[in-house]
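A.B. asks: Encoded as structure tokens, here's the structure I'll be asking about.
In structure tokens form, the structure reads like this:
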């Protein structure tokens, strides 16, 4: 048990340092005091009659409301075995008796500062969590509520493009209609990507594995984009090493990846060029490549691609706008399906974006 003189000296020292002090004369009372007062720090003697300081510390660490309160042992025991035991039962620091007053104050202040820093971190983390939750909810609401009407507008414009040839409405009106159609396609794609990215980030987008012929899926995406490519006189060519290539993946995610890569290829391709889509089998994986003959990416910007904190967007060859979100979504979806995404590019010569997904095991 701590001698009366030491007890008084500690009380005077800590009071002079403007700390609020609560005291207990034995281990049982100490536990009651700690539970009631919830102090920032417990200065605990090891040698006590009813219960040792080690026992008090162990009980504190077993009690949820006391588990995080730092403990400094004040003890004449200084063997390696005693120190190891103290840390094992939950001690944060040791001060040997007889103690140095300046050392004691510094060690106490150090533990108090750690607690203060932890509280700031917890508060800021909770604040950040609420901000991110609010942002994700806003993104989801915006994307979800706008996606449906934009889809309707997109469908109407597609029908007008198909049924109103330039001979009927004149060059100027046809160009305006074409621009409106392309803009609507871009906005719809952005909203779809935004909705899926938000769901992915908040854990509400699960991978639903299916067995399907990936070549048929890619053919379907190419068919959809043929008209968009045709507006820039771009031809999409598909080359597959097999007539059928069965994979085990989420079909909707693979459609999204393919759609984004072909859309980007069209965006960055020059007029009267070709986009080559290849499907091949390599070491148990289906590898899909999308190669354009467009403007390419310089070395500096290549380093920024596929990284959340440095992703960027640029204008296409026809001043098409983008968000830079599509490639991040592609990478996320490909990785979720057990594959990987990569690219090679050369400024002014074009780019090839490729991804792999597991083949269906025989």
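Residue numbers (the UniProt record's numbering): 1 to 362.
Where a beta carbon is used, it is the ideal one built from N, C-alpha and C, also for glycine.
Pick from 354, 76, 26, 176: whose alpha carbon is nearest that of residue 260?
C.D. replies: Residue 260 sits at position 260 when you count from the first residue of the chain shown. Checking every option, the nearest Cα to that of residue 260 belongs to 354.
A.B. asks: If you draw a straight line from the C-alpha of residue 68 to the C-alpha of residue 62, how long is it?
C.D. replies: In the chain shown, counting from the first residue as 1, residue 68 sits at position 68. In the chain shown, counting from the first residue as 1, residue 62 sits at position 62. Each residue's alpha carbon lies about 10 Å from the other.
A.B. asks: How long is the line joining the alpha carbons of residue 149 and residue 184, rounded to whole angstroms?
C.D. replies: Here residue 149 refers to the residue found at position 149 of the chain shown. Here residue 184 refers to the residue found at position 184 of the chain shown. Taking the straight line joining both Cα atoms gives about 11 Å.
A.B. asks: Could you check what DSSP says for residue 89 in three-state terms: helix, strand or coil?
C.D. replies: The count along the chain shown starts at 1 and reaches residue 89 at position 89. Coil.
A.B. asks: How many angstroms separate the CA atom of residue 239 from the CA atom of residue 119?
C.D. replies: In the chain shown, counting from the first residue as 1, residue 239 sits at position 239. In the chain shown, counting from the first residue as 1, residue 119 sits at position 119. Cα-Cα distance, rounded: 59 Å.
A.B. asks: What does a CB cutoff of less than 8 Å around residue 177 pick up in its chain, not counting 5 residues either side in sequence?
C.D. replies: Within the chain shown, residue 177 is the residue found at index 177, counting from 1. Counting only Cβ-Cβ distances below 8 Å, and skipping sequence neighbours, we find 157, 160, 161, 164, 169.
A.B. asks: In whole angstroms, give me the CA-to-CA distance for residue 334 and residue 327.
C.D. replies: Counted from its first residue, the chain shown places residue 334 at position 334. Counted from its first residue, the chain shown places residue 327 at position 327. Whole-angstrom Cα-Cα distance: 10 Å.
A.B. asks: Look at the alpha carbon of residue 47 and the alpha carbon of residue 13, and state the distance between them as a whole number of angstroms.
C.D. replies: One-based indexing of the chain shown puts residue 47 at position 47. One-based indexing of the chain shown puts residue 13 at position 13. Rounded to whole angstroms, residue 47 to residue 13 spans 21 Å at the Cα level.
A.B. asks: For the 8 Å Cβ check, are there 3 or more pairs between the region 289 to 300 and the region 195 to 214?
C.D. replies: Touching, no, given that fewer than three Cβ pairs across the two stretches are closer than 8 Å.
A.B. asks: Is it buried or exposed for residue 331, if we count other Cβ within 10 angstroms and need 16 for buried?
C.D. replies: For this step, residue 331 is matched to residue 331 along the chain shown. Buried, because 16 or more other Cβ atoms sit within 10 Å of the Cβ of residue 331.
A.B. asks: Relative to the alpha-carbon of residue 132, which residue among 193, 187, 198 has its alpha-carbon at the smallest distance?
C.D. replies: As a position in the chain shown, residue 132 is number 132, starting the count at 1. The shortest C-alpha separation from residue 132 is found at 198.
A.B. asks: Straight-line CA distance for residue 95 to residue 35?
C.D. replies: As a first step, residue 95 must be located in the chain shown, where it is residue number 95. As a first step, residue 35 must be located in the chain shown, where it is residue number 35. Distance between the alpha carbons of residue 95 and residue 35 is about 24 Å.
A.B. asks: Would you kindly report the start and end of the unbroken alpha helix (DSSP H) that includes residue 214?
C.D. replies: Numbered from 1 along the chain shown, position 214 holds the residue referred to as residue 214. Residue 214 -> alpha helix (DSSP H) spans 214 to 230.
A.B. asks: Within the continuous alpha helix (DSSP H) that includes residue 326, where are the two ends?
C.D. replies: Walking along the chain shown from the start, residue 326 turns up at place 326. Run containing residue 326: 325 to 336, per the alpha helix (DSSP H) assignment.
A.B. asks: Does DSSP put residue 350 in a helix, a strand or coil?
C.D. replies: Here residue 350 corresponds to residue number 350 of the chain shown, with the count starting at 1. Three-state result, residue 350: strand.
A.B. asks: Keeping to the same chain, check which residues put their C-beta closer than 6 Å to that of residue 277; ignore five residues upstream and five downstream.
C.D. replies: Taking the chain shown and counting its residues from 1, one reaches residue 277 at position 277. Excluding sequence neighbours, residue 277 sits near 238, 290.
A.B. asks: Only counting runs of 3 or more residues, tell me where the beta strand (DSSP E) segments fall wholly within the region 33 to 96, in order along the chain.
C.D. replies: Taking only runs of at least 3 residues, the beta strand (DSSP E) segments lying wholly in the region 33 to 96 are 42 to 45, 71 to 75, 93 to 96.
A.B. asks: To the nearest angstrom, how far is the alpha carbon of residue 86 from that of residue 45?
C.D. replies: For this step, residue 86 is matched to residue 86 along the chain shown. For this step, residue 45 is matched to residue 45 along the chain shown. Residue 86 and residue 45: Cα-Cα distance of roughly 11 Å.
A.B. asks: Is the beta carbon of residue 222 closer than 8 Å to that of residue 262?
C.D. replies: For the purposes of this step, residue 262 is taken as the residue at position 262 of the chain shown. For the purposes of this step, residue 222 is taken as the residue at position 222 of the chain shown. Yes, Cβ-Cβ distance for residue 262 and residue 222 is below 8 Å.
A.B. asks: Give me whichever residues DSSP pairs with residue 278 in a beta bridge.
C.D. replies: Within the chain shown, numbered from 1, the residue matching residue 278 stands at position 278. DSSP lists 239, 289 as partners of residue 278.
A.B. asks: Quick check on residue 21: buried or exposed, where buried means 16 or more other Cβ atoms within 10 Å of its Cβ?
C.D. replies: Indexing the chain shown from 1 puts residue 21 at position 21. Looking at its Cβ environment, which holds fewer than 16 other Cβ atoms inside 10 Å, residue 21 is exposed.
A.B. asks: Under 8 Å, with one C-beta from each stretch per pair, do the region 243 to 257 and the region 196 to 210 reach the 3-pair mark?
C.D. replies: Touching, yes, given that three or more Cβ pairs across the two stretches are closer than 8 Å.
A.B. asks: Based on DSSP bridge pairs, tell me the residues matched to residue 344.
C.D. replies: Counted from its first residue, the chain shown places residue 344 at position 344. 352.
A.B. asks: Among 137, 114, 179, 190, whose alpha-carbon lies nearest the alpha-carbon of residue 147?
C.D. replies: Mapped onto the chain shown, residue 147 falls at position 147. The shortest C-alpha separation from residue 147 is found at 190.
A.B. asks: In whole angstroms, what is the alpha-carbon distance linking residue 356 and residue 344?
C.D. replies: Counting from 1 along the chain shown, the entry for residue 356 is found at position 356. Counting from 1 along the chain shown, the entry for residue 344 is found at position 344. Between residue 356 and residue 344, the C-alpha separation is close to 15 Å.
A.B. asks: Using the Cα positions of residue 339 and residue 358, report the straight-line distance between them to the nearest angstrom.
C.D. replies: On the chain shown, residue 339 is found 339 positions in, with the first residue counted as 1. On the chain shown, residue 358 is found 358 positions in, with the first residue counted as 1. Those two C-alpha atoms are separated by around 7 Å.
A.B. asks: Expressed to the nearest angstrom, what Euclidean distance is found between the alpha-carbon atoms of residue 265 and residue 179?
C.D. replies: Sequence index remark: in the chain shown, residue 265 carries index 265 (1-based). Sequence index remark: in the chain shown, residue 179 carries index 179 (1-based). Their Cα atoms are separated by approximately 18 Å.
A.B. asks: Bridge partners of residue 211, per DSSP?
C.D. replies: For the purposes of this step, residue 211 is taken as the residue at position 211 of the chain shown. Its beta-bridge partners are 248.
A.B. asks: Would you mind working out which of 24, 70, 204, 66 sits nearest residue 51, comparing C-alpha positions?
C.D. replies: Sequence index remark: in the chain shown, residue 51 carries index 51 (1-based). When only C-alpha atoms are compared, the closest one is 24.
A.B. asks: Are the beta-carbon atoms belonging to residue 242 and residue 208 less than 8 Å from one another?
C.D. replies: Translated into the one-based positions of the chain shown, residue 242 becomes position 242. Translated into the one-based positions of the chain shown, residue 208 becomes position 208. Contact: no.
A.B. asks: Start and end of the alpha helix (DSSP H) containing residue 193?
C.D. replies: If you number the chain shown from 1, residue 193 lands on position 193. Where residue 193 is concerned, the enclosing alpha helix (DSSP H) stretches over 171 to 201.
A.B. asks: Report, in whole angstroms, the separation of the C-beta atoms of residue 54 and residue 89, which I expect to be a contact under 8 Å.
C.D. replies: If you number the chain shown from 1, residue 54 lands on position 54. If you number the chain shown from 1, residue 89 lands on position 89. Indeed, because the Cβ distance is near 5 Å, the residues count as touching under 8 Å.
A.B. asks: If you measure between the beta carbons of residue 41 and residue 64, is that distance less than 8 Å?
C.D. replies: Stepping through the chain shown from its first residue, residue 41 is reached at position 41. Stepping through the chain shown from its first residue, residue 64 is reached at position 64. No, they are not a contact pair.
A.B. asks: What is the DSSP secondary structure of residue 98, reduced to helix, strand or coil?
C.D. replies: In the chain shown, residue 98 corresponds to position 98, counting from 1. Coil, per DSSP.
A.B. asks: Could you pull the start and end residues of the alpha helix (DSSP H) that residue 17 belongs to?
C.D. replies: The residue given as residue 17 occupies position 17 in the chain shown. From DSSP, residue 17 is part of no alpha helix (DSSP H); its letter is neither H nor E.
A.B. asks: Whole angstroms are fine: how far does the CA of residue 201 sit from the CA of residue 152?
C.D. replies: Mapped onto the chain shown, residue 152 falls at position 152. Mapped onto the chain shown, residue 201 falls at position 201. Approximately 27 Å between the Cα atoms of the pair.
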